[in-house]
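Residue numbering for the sequence shown is 1 to 209, as defined by the UniProt record's numbering.
Glycine included, every Cβ here is placed at the ideal spot set by N, Cα and C.
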Amino acid sequence: MFTGIVAELGEVVEVTEHADAGGDVAATQLMINGPTVTSDVAHGDSIAVNGVCLTVTRVDGTRFTADVMDRTLNCSNLGQLRVGARVNLERAARAADRLDGHIVQGHVDGTGQVLQRSPGRGSTAVRISLPAHLARYVVAKGSVTVDGVSLTVAELDDASFTVSLVPTTLELTTLGFAEPGDAVNLEVDVLAKYVERLMSHTIGQGVTR
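Rendered as structure tokens:
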């Protein structure tokens with residue numbers, strides 16, 4: 001479990017692709033440099049990389065290694081990472097931590113595309129495309145996770161939403177240099193999905209109270 005508060009910008013230092021019997025990429029091993037997140041993690045711990053929960057398989061100084069399966073590569077932007085790429089990193093939250101962002105599982109629901117950046121006084125508005133299958137879970141002034149960053153939806157229409165990024169977010173996360181056309185990982189508020197699931201069963205069973 002995470003909160004969407006990025007600990008640091010890490011750097012991809014090695015990408016190793018593993019092919020299946022047919023020659024297609026079945027998994028990718030990432031080695032990432034992250035001095036802050038590696039200061040107190042060990043084999044088997046969880047680290048969110050651009051909002052994707054990955055399991056640490058090895059720690060070597062300030063670097064850690066994690067495996068990314070084919071399904072994750074297909075539903076996130078991790079398959080586009082190359083050596084030198086910067087990524088948002090967050091360690092799993094402790095039960096006693098402050099919940100400064102919102103409840104984030106690290107289970108990416110899909111990707112959106114940066115459509116527009118509009119610098120303003122004190123903040124930058126970024127508009128991002130919203131896949132149709134996720135639109136019902138996103139509400140104005142609600143929470144959404146973009147590349148692992150907990151953000152508040154400022155504006156919303158049927159096909160996109162806008163978030164306002166303060167200078168700290170611009171400086172300390174990948175959203176500071178994301179350009180129109182870039183893919184970003186999206187995770188909607190899990191509470192909305194639970195409510196939908198519960199309501200669908202209630203209505204289906206004819207429960208009215």
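Of the residues the options, which one's Cα is nearest the Cα of residue i?
i	options	result
G51	L89, G79, V15, T124	L89
R121	P131, S164, G106	S164
L191	S76, Q29, V37, V104	V104
F177	N74, V114, V41, T145	V114
E196	R136, V56, G23, T28	R136
G4	D158, D147, V166	D147
A92	I128, G112, A48	A48
Can you have a look at residue i and say buried or exposed, based on whether 16 or more other CB atoms are within 10 angstroms of its CB?
i	result
S39	exposed
R209	The pLDDT assigned to R209 is 49, lower than 50, so where the model puts this residue is not dependable; a value taken from the coordinates is nonetheless given after this. Exposed is the call here.
N185	buried
S76	buried
V6	buried
V108	buried
According to DSSP, is residue i part of a helix, a strand, or is it coil?
i	result
E8	strand
T208	Model confidence at T208 stands at a pLDDT of 49, short of 50, so the residue's coordinates are unreliable and nothing is read from them.
S123	coil
V190	helix
H201	helix
Q80	helix
A140	coil
Where does the unbroken alpha helix (DSSP H) through residue i begin, and where does it stop?
i	result
R71	70 to 75
L151	That residue, L151, is in no alpha helix (DSSP H); its beta strand (DSSP E) goes 149 to 156.
How is the beta strand (DSSP E) around residue i delimited, first residue to last?
i	result
E90	86 to 91
L172	Here L172 belongs to no beta strand (DSSP E); instead the alpha helix (DSSP H) covers 167 to 172.
> Using 8 Å as the threshold, is the stretch 11 to 31 in touch with the stretch 76 to 91, meaning 3 or more CB pairs across them?
Replying inline: When C-beta atoms of the stretch 11 to 31 are compared with those of the stretch 76 to 91, three or more pairs fall below 8 Å, so the two segments count as touching.
> Is the stretch 133 to 141 in contact with the stretch 90 to 101, if contact means three or more CB pairs nearer than 8 Å?
Replying inline: At 8 Å Cβ cutoff, the stretches do not touch.
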